[in-house]
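Chemist:
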Amino acid sequence: MRYFALAVDYDGTLATQGIVHEATVAALERLRHSGRKLLLVTGRELEDLQGVFSGLAIFDLIVAENGALLYDPASRQEEPLAKSPPGEFADTLRLRGVLPLSTGRVIVATTEPNQTAVLDTIRTMGLELQVIFNKGSVMVLPSGINKASGLGAALEKLKLSSHNVVAAGDAENDHAFLDSCECAVAVANALPSLKESADLVTSAAQGAGVVELIDWILRSDLTEVEAKLARHHLVLGETLTGEPAFLKPYGENVLLAGTSGGGKSTLATRFVEDLVSHRYQAVIIDPEGDYANLQPAAILGTTRAAPDPAEVLKLLENPLQHVVVSLTGVSRDQRPSYFEEILPRLLEIRGRLGHPHWIIIDETHHVMPASRTPAVGLFPEGISGLMFVTVDPGHVTPSLLPMIDVLLTIGDAPEQTIRDFSALTGREPPLFDTSGLKPGDAFIWPVHKSAPVRFKGSPPEMERQRHKRKYAEGELSPETSFYFRGPESRLNLRAQNLMLFIQVAEGIDDETWLYHLKRGDYSQWFRGSIKDDDLADTAKEVESLEGIGASVSRERIKSLIEERYTVAA
Numbered sequence: 005m006r007y008f009a010l011a012v013d014y015d016g017t018l019a020t021q022g023i024v025h026e027a028t029v030a031a032l033e034r035l036r037h038s039g040r041k042l043l044l045v046t047g048r049e050l051e052d053l054q055g056v057f058s059g060l061a062i063f064d065l066i067v068a069e070n071g072a073l074l075y076d077p078a079s080r081q082e083e084p085l086a087k088s089p090p091g092e093f094a095d096t097l098r099l100r101g102v103l104p105l106s107t108g109r110v111i112v113a114t115t116e117p118n119q120t121a122v123l124d125t126i127r128t129m130g131l132e133l134q135v136i137f138n139k140g141s142v143m144v145l146p147s148g149i150n151k152a153s154g155l156g157a158a159l160e161k162l163k164l165s166s167h168n169v170v171a172a173g174d175a176e177n178d179h180a181f182l183d184s185c186e187c188a189v190a191v192a193n194a195l196p197s198l199k200e201s202a203d204l205v206t207s208a209a210q211g212a213g214v215v216e217l218i219d220w221i222l223r224s225d226l227t228e229v230e231a232k233l234a235r236h237h238l239v240l241g242e243t244l245t246g247e248p249a250f251l252k253p254y255g256e257n258v259l260l261a262g263t264s265g266g267g268k269s270t271l272a273t274r275f276v277e278d279l280v281s282h283r284y285q286a287v288i289i290d291p292e293g294d295y296a297n298l299q300p301a302a303i304l305g306t307t308r309a310a311p312d313p314a315e316v317l318k319l320l321e322n323p324l325q326h327v328v329v330s331l332t333g334v335s336r337d338q339r340p341s342y343f344e345e346i347l348p349r350l351l352e353i354r355g356r357l358g359h360p361h362w363i364i365i366d367e368t369h370h371v372m373p374a375s376r377t378p379a380v381g382l383f384p385e386g387i388s389g390l391m392f393v394t395v396d397p398g399h400v401t402p403s404l405l406p407m408i409d410v411l412l413t414i415g416d417a418p419e420q421t422i423r424d425f426s427a428l429t430g431r432e433p434p435l436f437d438t439s440g441l442k443p444g445d446a447f448i449w450p451v452h453k454s455a456p457v458r459f460k461g462s463p464p465e466m467e468r469q470r471h472k473r474k475y476a477e478g479e480l481s482p483e484t485s486f487y488f489r490g491p492e493s494r495l496n497l498r499a500q501n502l503m504l505f506i507q508v509a510e511g512i513d514d515e516t517w518l519y520h521l522k523r524g525d526y527s528q529w530f531r532g533s534i535k536d537d538d539l540a541d542t543a544k545e546v547e548s549l550e551g552i553g554a555s556v557s558r559e560r561i562k563s564l565i566e567e568r569y570t571v572a573a
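Just so we're aligned, residue 5 is where the sequence shown starts under our numbering, counting upward by one.
See the structure below:
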């Protein structure tokens, strides 16, 4: 199951002219009986909402006052999510004749065209407040408070991820909270701008549109909408035709295989970084300690002690917390047993909360070697969100290979990896071109569909930062260093990194600087030794400027370097 919760707006979405019809309530009950959570996200004040709808108890949590108040119908507890504006604010608005005017726990609300007086009062009193418009309503809230922030607080209480939520709305104040969820739905009566940005638009309006959506969720978990969710794709690199090479965030199992030293760890790290940046939760089983420096993950386990599974699960209850399960303290012969103990517990928490979204098993042959038959039922039918990383498909237990939906291969012999996988899974090996293969080139193959496609993997941020540090302040070899020699080689000043290049450049005479500038030596060094084509191209533009002086060109080259490398240094 992908979607564990439905978050829905009230007026114009759930309710028709303020009333929720019985058929809509019945649909909400069906959804809740499926094990999913229900959240109401509304701009209304709580007392007002309670006065128009007696069925609030069907919701697990209610976000009222446009994100400023959290209410638990079961316990009847209220939790303001921001500080209320000072009482003088509402008093001043009344003195200015702003009517109607209502005050909630946090919100202050009126209607158009009172926004001019409201904004002027905020400015005069020097308050940090924002004004939100919604179908003629004018809502005043503390800065940063909206339906999205309120929904985030609700999901935190429920230990759910926004990636497991479908959100439905109809008006301008629904944009933020729809955008924050995995699937954004506009009912048929929604504003055109909301329909345009939504992933799905119902054919029916208001409450009937919500019924339509719920029936769709119960029928297929919205699998048909997957093609419209490209913004969530996890991009690995770029194909030869300039298209993104990507993995879907849900519904696939991946095998990443290739020769040692061929770039598997780099590609896997790039994938993990994309998971983190998209806020999908990842847990990494790390037999060899290769992810000990992964940020912002929590690293559990040491070279002397195995990770405590209970501690792993406790951390994973927070959907924004990524975890590396280091097995460096587990003997190699015990690693399969440890894995068979922790995997069912990881799948149990996923079945209960929807996350961790991805379980990545590095060096899979350590925990599921070809010589071992896994415990019966270790991998439930229909399981997805697994990535297995290994040298050779033949090194892992054969029982996992039929589960693979996508094969990624990188290294010296991708054709051999694909042939081996095909043989082990009873497939005819596909035809594909490996001519002109370069270091870092990889292939992605959706094994049930097309032939492998070559792509160039994007370096992970960790690697980019290491690259920058190396060239910013590292020690280049004498052969790749820059030498300020000047005309007739009167000097021999070596710069073995970019920071030294800047320091030496500032101290040399103008004649020497211009000598190298006019020869194009700087851009050549940036391209050949620093391996930064962008820096080389922009430096070349400076070198080609007619009549540019030493001080101006020196400052420009210095600025080009500093804007790219001083943070890393």
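Glycine included, every Cβ here is placed at the ideal spot set by N, Cα and C.
1. Can you tell me the Cα-Cα spacing of N257 and N297, whole angstroms?
2. Could you give the uninterrupted runs of the alpha helix (DSSP H) lying entirely in the segment 160-212, keeping only those of 4 residues or more?
3. Just how far apart, CA to CA, sit N138 and G22?
4. Distance, Cα to Cα, R523 vs T245?
5. Reducing DSSP to helix, strand and coil, say where E352 ends up.
6. Using the three-state DSSP reduction, which class does T307 fall into: helix, strand or coil?
7. So, does the segment 44-54 touch the segment 248-256, judging by three or more C-beta pairs under 8 Å?
8. Which residues bound the alpha helix (DSSP H) around V556?
9. Count the other C-beta atoms from every protein chain shown that fall within 10 angstroms of the C-beta of N496, then say buried if there are 16 or more, exposed otherwise.
10. Mind checking whether F392 and L259 have CB atoms under 8 Å apart?
11. What do you reckon, are the CB atoms on P311 and V287 nearer than 8 Å?
12. Could you tell me the distance, in whole angstroms, from the CA atom of E479 to the CA atom of R560?
13. Among D219, F383, L162 and E49, which one has its Cα closest to the Cα of T114?
14. Under 8 Å, with one C-beta from each stretch per pair, do the segment 71-80 and the segment 149-157 reach the 3-pair mark?
15. Would you say the segment 482-498 touches the segment 539-558, given that touching needs at least three Cβ pairs under 8 Å?
16. What are the complete alpha helix (DSSP H) segments, minimum 4 residues, inside the segment 326-376?
17. Which whole-angstrom value is the C-beta distance of Y475 and Y569, which I expect to be below 8 Å?
18. Using the Cα positions of H520 and Q299, report the straight-line distance between them to the nearest angstrom.
19. What do you reckon, are the CB atoms on L238 and F275 nearer than 8 Å?
20. Per DSSP, E432 forms a beta bridge with which residues?
21. In the structure shown, what three-state DSSP assignment does Q507 receive?
22. Mapping DSSP to helix, strand and coil, what is E242?
23. Pull the bridge partners of K41 from the DSSP assignment, please.
24. I'd like to check one pair, A68 with C185: are the Cβ atoms closer than 8 Å?
25. By a C-beta neighbour count over all protein chains shown, 10 Å radius and 16 as the cutoff for buried, is R354 buried or exposed?
26. Drop a sphere of 10 angstroms on the beta-carbon of V556, count the other beta-carbons inside from all chains shown, and report buried for 16 or more, exposed for fewer.
Modeler: Reading from the atomic positions:
1. By one-based count along the sequence shown, residue 257 stands at place 253. By one-based count along the sequence shown, residue 297 stands at place 293. Going by the C-alpha atoms only, they are around 25 Å apart.
2. With a minimum length of 4 residues, the continuous alpha helix (DSSP H) runs that stay inside the segment 160-212 are 179-183 and 196-201.
3. The residue you call residue 138 lines up with position 134 of the sequence shown. The residue you call residue 22 lines up with position 18 of the sequence shown. CA-to-CA, the gap between N138 and G22 works out to about 15 Å.
4. Your numbering for residue 523 matches position 519 in the sequence shown. Your numbering for residue 245 matches position 241 in the sequence shown. Cα to Cα, the separation comes out at about 35 Å.
5. Walking along the sequence shown from the start, residue 352 turns up at place 348. Helix at E352.
6. Reading the sequence shown from its first residue, position 303 is the one you call residue 307. Three-state DSSP puts T307 in coil, outside helix and strand.
7. No: fewer than three Cβ pairs fall under 8 Å.
8. As a first step, residue 556 is located in the sequence shown; it is residue number 552 there, counting from the start. Per DSSP, V556 belongs to the alpha helix (DSSP H) from A554 to Y569.
9. In the sequence shown, counting from the first residue as 1, residue 496 sits at position 492. N496 should be labelled exposed.
10. The count along the sequence shown starts at 1 and reaches residue 392 at position 388. The count along the sequence shown starts at 1 and reaches residue 259 at position 255. In this structure, the beta-carbon distance from F392 to L259 falls below 8 Å.
11. Translated into the one-based positions of the sequence shown, residue 311 becomes position 307. Translated into the one-based positions of the sequence shown, residue 287 becomes position 283. Not a contact, by the Cβ cut-off of 8 Å.
12. Here residue 479 refers to the residue found at position 475 when the sequence shown is read from its first residue. Here residue 560 refers to the residue found at position 556 when the sequence shown is read from its first residue. Approximately 24 Å, taken between the alpha carbons.
13. If you number the sequence shown from 1, residue 114 lands on position 110. Measuring from the Cα of T114, the nearest candidate turns out to be E49.
14. Short answer: they touch.
15. In the pairwise beta carbon analysis, the segment 482-498 is classified as not touching the segment 539-558: fewer than three pairs are separated by under 8 Å.
16. Counting whole runs of 4 or more residues, the segment 326-376 contains the alpha helix (DSSP H) stretches 339-357 and 368-371.
17. Working through the sequence shown from its first residue, we reach residue 475 at position 471. Working through the sequence shown from its first residue, we reach residue 569 at position 565. Indeed they touch by this definition, with Cβ atoms about 7 Å apart.
18. Here residue 520 is taken as the residue at index 516 of the sequence shown, counted from 1. Here residue 299 is taken as the residue at index 295 of the sequence shown, counted from 1. Roughly 41 Å separates the two Cα atoms.
19. For the purposes of this step, residue 238 is identified with residue 234 of the sequence shown, where counting begins at 1. For the purposes of this step, residue 275 is identified with residue 271 of the sequence shown, where counting begins at 1. In contact: L238 and F275 (Cβ atoms closer than 8 Å).
20. Here residue 432 corresponds to residue number 428 of the sequence shown, with the count starting at 1. Answer is none; E432 lacks a bridge partner.
21. What you label residue 507 is simply residue 503 of the sequence shown in a count that begins at 1. In the structure shown, the three-state DSSP call for Q507 is helix.
22. The count along the sequence shown starts at 1 and reaches residue 242 at position 238. Three-state DSSP puts E242 in a strand.
23. Within the sequence shown, the letter at position 37 stands for residue 41. Answer by DSSP bridge pairing, in chain order: A9.
24. For this step, residue 185 is matched to residue 181 along the sequence shown. For this step, residue 68 is matched to residue 64 along the sequence shown. The criterion of a C-beta distance shorter than 8 Å is not satisfied by C185 and A68.
25. Translated into positions along the sequence shown, residue 354 becomes position 350. Counting the other Cβ atoms within 10 Å of the Cβ of R354 gives 16 or more, which makes it buried.
26. Within the sequence shown, residue 556 is the residue found at index 552, counting from 1. It is exposed - the Cβ of V556 has fewer than 16 other Cβ atoms within 10 Å.
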